[in-house]
Amino acid sequence: MPTKVDTLPAFRKRTRRLRRRFPSIQLDLRPLFQRLQNDERPGDRIPRVGYPVYKVRLPNRAARRGKSGGFRIIYYVQFSDRVTLLTIYSKTDESDISLRELQELAREAAAAIG
Numbered sequence: 004m005p006t007k008v009d010t011l012p013a014f015r016k017r018t019r020r021l022r023r024r025f026p027s028i029q030l031d032l033r034p035l036f037q038r039l040q041n042d043e044r045p046g047d048r049i050p051r052v053g054y055p056v057y058k059v060r061l062p063n064r065a066a067r068r069g070k071s072g073g074f075r076i077i078y079y080v081q082f083s084d085r086v087t088l089l090t091i092y093s094k095t096d097e098s099d100i101s102l103r104e105l106q107e108l109a110r111e112a113a114a115a116i117g
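Letter by letter, the sequence shown follows residues 4 to 117 in the working numbering.
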């Protein structure tokens, strides 16, 4: 059974903002969605969050900088068959996301499930 991929409102809001500058963002995200739905868990687990949270680097086709200047997607593995995308940001705009913000987003995702 494929993994269900959900998104938090924060993820959708940031994606809409980024789409204004990077119209190809949906194409950039598609391979990640497919990998997650196929039960892959790309990226590196972020330590000290208290939840199984991972960070994935994605290339930004519009910026043509590869993964280093691309997007960062943070996702939370709630169950073996359910993943929630927490947030997305462009590495050219933000260097990193704080541990506190990651914990808040993970708590929000956990509460949404119940």
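Heads up, the beta-carbon is just placed ideally off N, CA and C, and yes, glycines get one too.
The structure presented is a predicted model; accordingly, all values stated were derived computationally and were not measured.
When you compare only the Cα positions, how much space is there between residue 101 and residue 56?
-> Taking the sequence shown and counting its residues from 1, one reaches residue 101 at position 98. Taking the sequence shown and counting its residues from 1, one reaches residue 56 at position 53. Near 13 Å, if we compare the C-alpha coordinates of residue 56 and residue 101.
Look up residue 57 in the DSSP assignment and give the residues it is bridged to.
-> For the purposes of this step, residue 57 is taken as the residue at position 54 of the sequence shown. BP columns for residue 57 point to 48, 78.
Compare the Cα-Cα distances from residue 17 to each of 44, 8, 29 and report the closest residue.
-> Position 14 of the sequence shown holds residue 17. Answer by Cα proximity: 29.
Starting from residue 108 and walking both ways along the alpha helix (DSSP H), at which residues does that stretch end?
-> The residue you call residue 108 lines up with position 105 of the sequence shown. Residues 102-116.
Tell me whether the beta-carbon of residue 178 lies closer than 9 Å to the beta-carbon of residue 95.
-> Any question about residue 178 goes unanswered here, given that the chain covers just 4 to 117.
Simplified DSSP assignment, three categories, for residue 11 = Within the sequence shown, residue 11 is the residue found at index 8, counting from 1. DSSP places residue 11 in coil when its eight states are reduced to three.
Nearest-angstrom Cα separation, counted from residue 112 out to residue 8 | Stepping through the sequence shown from its first residue, residue 8 is reached at position 5. Stepping through the sequence shown from its first residue, residue 112 is reached at position 109. Near 12 Å, if we compare the C-alpha coordinates of residue 112 and residue 8.
So residue 41 packs on residue 5, CB below 8 Å; how close in whole Å?
-> For this step, residue 41 is matched to residue 38 along the sequence shown. For this step, residue 5 is matched to residue 2 along the sequence shown. Yes, they are in contact, since the Cβ atoms of residue 41 and residue 5 sit about 7 Å apart, within 8 Å.
The beta strand (DSSP E) spanning residue 67 covers which residue range?
-> Looking up residue 67 in the sequence shown gives position 64. Per DSSP, residue 67 belongs to no beta strand (DSSP E) and is neither H nor E.
Under a Cβ-count criterion, where at least 16 other Cβ atoms within 10 Å of its own Cβ denotes burial, should residue 73 be classed as buried or exposed?
-> Locating residue 73 in the sequence shown gives position 70, counting from the first residue. So residue 73 counts as buried.
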